[in-house]
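Take a look at the structure below.
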Amino acid sequence: MNIAVCVKPVPDPKFYDKITINPKTKLLERNKIPMAINPSDKNAIETAMQLKELYGAKIILISMAPPEAKEILKEGLAMGVDEAYLLSDRAFAGADTYATAKTLAAGLNKLGFFNLIITGSESVDGGTSHVPSQLGELMGLPHLNHVIAMVTEGDILKMKTKIENGYMVYEGRLPMVLGVGKEINTPRYVSLMGVVKAQGKPYTVWGLKDLQLEADDVGLAGSLTQPGSLKTPPNERKVEMIDGDLEEKAGKILEILHTAGVLN
Amino acid sequence: MKSCIQRVFLTKGVDDLKIQNGEIWVIAEQVKGNLKEVSFELLGKARELAVKDGFPVTVVVMGSGIVAMANDLITYGADRVILIDDPRLSLYQNDIYALVLENLIRKYNPGIVLFSASYSSSEFSATVGAKLGTGVAAHSVDLYFDEQGEFVQVTPAFGGRVLGEILCPQTRPIVASIKPGVFKKPDKDPARQGEIIEASAAGLEHYESPLKALMVVQENLSGLPLEGAEIVLAGGWGVGSAEVWQLLEKLAQGLNGAVGCTRPALDEGWAKGEHELIGVSGKTIRPKVYIGFGVSGATHHVVGIKDSGIVINVNNNSNAPVFQISDYGVVADVKELLPALLEIIEEQSNIHN
């Protein structure tokens, strides 16, 4: 079985409350924020690893990102993935989800046939959750996103997907593109042995020419959506602190509720 | 008064409809024959946009046994409802739904297509957008036409820390998904009239799906839902324990309010489930009064409460960022303040009884 896992390096979500917009340039200031593997992409790697342990498989990792993403891909290799491919080129910068999916599809097509292509269901930074569906459509493969449980019987997949307050059950047939949610498993920790082994594993970087794409197909130029200006959410509230002892504070809260007309 | 129903079948006289290129479409969301509230919320926003843009608003409903939904949608603002009622559409699944909608969109050429940003409809929007080769903006929190007449979609990123404008300058239709709860459900006008079109599930004639949706399971939730509650009591990490959480639940009951939570409180297992989660990955609420207990003020939570009436927060840390987005702040230990609130309520109910 050939499995590809698509991963995205993202600014570590622990630091999102530190992100600011430069008032002059109107650009994001996120320089000091370390990068991490997108959380649900770790679940995608774990899903692939569990299939490998059950049936035997070759797993490759693929990512469209700047060269610094090497560290992130090495972490995937240390989790047990066999090979990693970084799609990196200045021309890829500013890509929306569609241009990203197009670039990933070009890399995957160059690599050959995959029984299963797995991604995280959504990235924690942009959070569109569009890439799994767009990738499936661009590759002409059936796809399903927000998969939270899965069993395989030969080429048949039985899957549960997440919906609000519930789930759906699907049956599908390989090959497929799946977006998996964090509920599907608990990603394994990287072992020291894994880190050592990762050093010897194949790591390849491909640019625009390697993928036989034109500059107009990728990055901002190949994007269907274009970013406008950025802003931080407005806040028009001014706080009034309520003082006093506990009883007074509680009394004042109820008084506010009463005045607001919400007490029956 | 019943709205006037005019049935037009797409198989004949499509051109006669003279549908303008540029109209706004809302893709209604229904599960097991129940229209989701977000369908009406999107309809309300589409109406507002249509007034400025001068184009009619069309709602598309796909499913099986859905004909009865059309009148409701007209009374809430639809100029036209396109029904695609077909047994093959009884359960949502991305390939079949997207194929049918792609066909319909190619036929009518709407300018803007709005989807719910639920799990299923987000996937649906991305699939249709890819089939049409057009841009899709995800989980928008605002939509408007700018001074140049460009359609702008505002979407949150980095857990709501940043709001970014998304434009789709080159391709049509513009596709956007919108978070449930962001826009208000419009008022019903029983006298409103509109047109109902029954269309066939064109596109499925020779299609054999590699995928099969087998069933949909949705829980009936206990307790007052967050949406529509006048008072919401939200608990965060600072609640501290399952025991104190019980007091929060008790207070909510006493005040006839709904319980909400932050991500840490959900992860701790105090809250009942994801349906109580407020914020970027949860619900957007607009109660008359919101009271936060032990909520730190992380952006991904507070973006979900910004449209609330009065915001009160209780936190033992006087420097908690949450006070900056509050109307009233109370520095107190949640586990001490909750019993004090409960005591007053009990006293008052004793007086009344």
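Here the protein sequences line up with chains A and B, keeping their order. Per this note's numbering, residue 984 is the first one in the first sequence, and the count goes up by one each step. Per this note's numbering, residue 673 is the first one in the second sequence, and the count goes up by one each step. We put the CB at the ideal spot given by N, CA and C, even for glycine. Note that the structure is a prediction, hence the values are computed from the model and not measured.
Is residue i helix, strand or coil when you go by DSSP?
i	result
proline 994 (chain A)	strand
asparagine 1098 (chain A)	coil
alanine 1012 (chain B)	helix
alanine 937 (chain B)	helix
isoleucine 756 (chain B)	strand
tyrosine 1038 (chain A)	helix
lysine 1001 (chain A)	helix
arginine 844 (chain B)	coil
glycine 866 (chain B)	coil
glutamate 1019 (chain B)	helix
leucine 1069 (chain A)	strand
methionine 1122 (chain A)	helix
lysine 978 (chain B)	coil
threonine 799 (chain B)	helix
valine 1179 (chain A)	helix
glycine 749 (chain B)	coil
Can you check whether the C-beta of residue i is within less than 7 angstroms of a C-beta belonging to chain A?
i	result
proline 759 (chain B)	no
histidine 973 (chain B)	no
lysine 779 (chain B)	no
proline 936 (chain B)	no
glutamate 1018 (chain B)	no
phenylalanine 712 (chain B)	no
lysine 857 (chain B)	no
glutamate 795 (chain B)	yes
proline 841 (chain B)	yes
tyrosine 816 (chain B)	no
methionine 734 (chain B)	no
glycine 964 (chain B)	no
isoleucine 699 (chain B)	no
Should residue i be flagged as near chain B, meaning a C-beta pair shorter than 7 angstroms?
i	result
aspartate 1108 (chain A)	yes
methionine 1151 (chain A)	yes
threonine 1208 (chain A)	yes
glycine 1211 (chain A)	yes
Near residue i, what residues of its chain come up, given a Cβ to Cβ distance below 6 angstroms and the 5 sequence neighbours on each side ignored?
i	result
cysteine 676 (chain B)	Because cysteine 676 (chain B) sits at a pLDDT of 35, beneath the cut-off of 50, its placement in the model cannot be relied upon, and the following sentence gives the value as read from the coordinates. Counting only Cβ-Cβ distances below 6 angstroms, and skipping sequence neighbours, we find Gln865.
threonine 1111 (chain A)	Thr1080
isoleucine 1239 (chain A)	none
lysine 1025 (chain A)	Pro1170
threonine 956 (chain B)	Lys851, Gly853, Val854, Gly976
valine 1064 (chain A)	Ile1042, Leu1044
glycine 1077 (chain A)	Gly1202, Leu1203
valine 1188 (chain A)	Leu1069, Ser1071
Cutting at 7 angstroms between CB atoms, please list the residues of its own chain near residue i, excluding the five before and the five after it.
i	result
phenylalanine 1097 (chain A)	Asn985, Ile986, Ala987, Leu1091, Pro1158
leucine 804 (chain B)	Glu774, Ile777
leucine 1062 (chain A)	The amino acid at residue 1062 (chain A) is misidentified as leucine; the sequence shows methionine. Hits under 7 angstroms: Ile1028, Met1032, Arg1171, Val1173, Gly1177.
Output needed for residue i: all residues of its chain with C-beta closer than 8 angstroms, excluding positions within five of it in sequence on either side, in chain order.
i	result
glycine 1123 (chain A)	none
Anything in the stretch 1028-1050 of chain A with a Cβ closer than 7 angstroms to a Cβ of chain B? List those residues in chain order, please. Answer in chain order: no residues at all.
Note down, in chain order, all residues in the stretch 1112-1131 of chain A with a beta-carbon under 9 angstroms from any beta-carbon belonging to chain B. Listed by position along the chain: Ser1112, His1113, Val1114, Pro1115, Ser1116, Gln1117, Leu1118, Gly1119, Glu1120, Leu1121, Leu1124, Pro1125, His1126, Leu1127, Asn1128, His1129.
Determine contact between the stretch 1177-1191 of chain A and the stretch 1143-1153 of chain A, defined as no fewer than three beta-carbon pairs at a distance below 8 angstroms. In short, these stretches do not touch, since the Cβ pair count stays below three.
Anything in the stretch 1214-1244 of chain A with a Cβ closer than 7 angstroms to a Cβ of chain B? List those residues in chain order, please. The stretch 1214-1244 of chain A vs chain B, Cβ under 7 angstroms: Lys1214, Thr1215, Pro1216, Asn1218, Arg1220, Val1222, Glu1223, Met1224, Ile1225, Leu1229, Glu1230, Lys1232, Ala1233, Gly1234, Ile1236, Leu1237, Ile1239, Leu1240, Ala1243.
Please name the residues in the stretch 994-1007 of chain A whose beta-carbon is closer than 8 angstroms to at least one beta-carbon of chain B, in chain order. Listed in sequence order: Pro994, Pro996, Tyr999, Asp1000, Ile1002, Ile1004.
With contact counted as at least three CB pairs below 8 angstroms, one residue from each stretch, are the stretch 926-943 of chain B and the stretch 874-887 of chain B in contact? Taking 8 angstroms as the limit for Cβ pairs, the verdict is that the stretch 874-887 of chain B does not touch the stretch 926-943 of chain B.
So, does the stretch 1230-1238 of chain A touch the stretch 1121-1134 of chain A, judging by three or more C-beta pairs under 8 angstroms? With a cut-off of 8 angstroms, the stretch 1121-1134 of chain A and the stretch 1230-1238 of chain A do not count as touching, because too few Cβ pairs lie within range.
Residues, ordered as in the chain, of the stretch 889-919 of chain B that lie near chain A by beta-carbon distance below 8 angstroms: Listed by position, the residues of the stretch 889-919 of chain B near chain A (Cβ gap below 8 angstroms) are Val889, Gln890, Glu891, Leu893, Glu902, Ile903.
Check whether the stretch 1189-1203 of chain A touches the stretch 1081-1096 of chain A, taking contact to mean three or more Cβ pairs, one atom from each stretch, closer than 8 angstroms. Flag = yes, the stretch 1189-1203 of chain A and the stretch 1081-1096 of chain A touch.
For the stretch 1056-1074 of chain A, list every residue whose C-beta sits within 7 angstroms of some C-beta in chain B, in sequence order. Taking 7 angstroms as the Cβ-Cβ cut-off against chain B, none of the residues of the stretch 1056-1074 of chain A qualify.
Any residues in the stretch 1132-1147 of chain A with a beta carbon nearer than 8 angstroms to a beta carbon of chain B? Which ones, in chain order? So the close ones are Thr1144, Lys1145, Ile1146, Glu1147.
Please list the residues of the stretch 860-876 of chain B that have a C-beta atom closer than 7 angstroms to any C-beta atom in chain A, keeping them in chain order. Taking 7 angstroms as the cut-off between beta carbons, none of the residues of the stretch 860-876 of chain B comes near chain A.
Using a beta-carbon distance cut-off of less than 9 angstroms, what residues from the stretch 945-960 of chain B approach chain A? So the close ones are Gly945, Glu946, His947, Val952, Ser953, Pro959, Lys960.
Check each residue of the stretch 1172-1196 of chain A: if its Cβ is closer than 9 angstroms to any Cβ of chain B, include it; give the result in chain order. Within the stretch 1172-1196 of chain A, no residue has its Cβ closer than 9 angstroms to any Cβ of chain B.
Short-range partners of chain A found in the stretch 738-754 of chain B, where Cβ spacing is below 8 angstroms: Cβ contacts with chain A come from no residue of the stretch 738-754 of chain B.
So, do the stretch 1003-1020 of chain A and the stretch 1209-1222 of chain A have three or more beta carbon pairs nearer to each other than 8 angstroms? Touching, yes, given that three or more Cβ pairs across the two stretches are closer than 8 angstroms.
Indicate whether the contact test is met: 3 or more Cβ pairs, each with one atom in the stretch 914-925 of chain B and one in the stretch 946-956 of chain B, closer than 8 angstroms. Touching, no.
Which residues of the stretch 1154-1168 of chain A have a Cβ closer than 7 angstroms to any Cβ of chain B? Give them in chain order. Residues Glu1154, Gly1155, Arg1156.
For the stretch 1011-1027 of chain A, which residues have a beta carbon sitting closer than 7 angstroms to at least one beta carbon of chain B? Among the residues of the stretch 1011-1027 of chain A, those with a Cβ less than 7 angstroms away from any Cβ of chain B are Leu1011, in the order of the chain.
What are the residues of the stretch 1075-1087 of chain A that lie near chain B, defined by any Cβ-Cβ distance shorter than 8 angstroms? Listed by position along the chain: Asp1079, Thr1080, Tyr1081, Ala1084.
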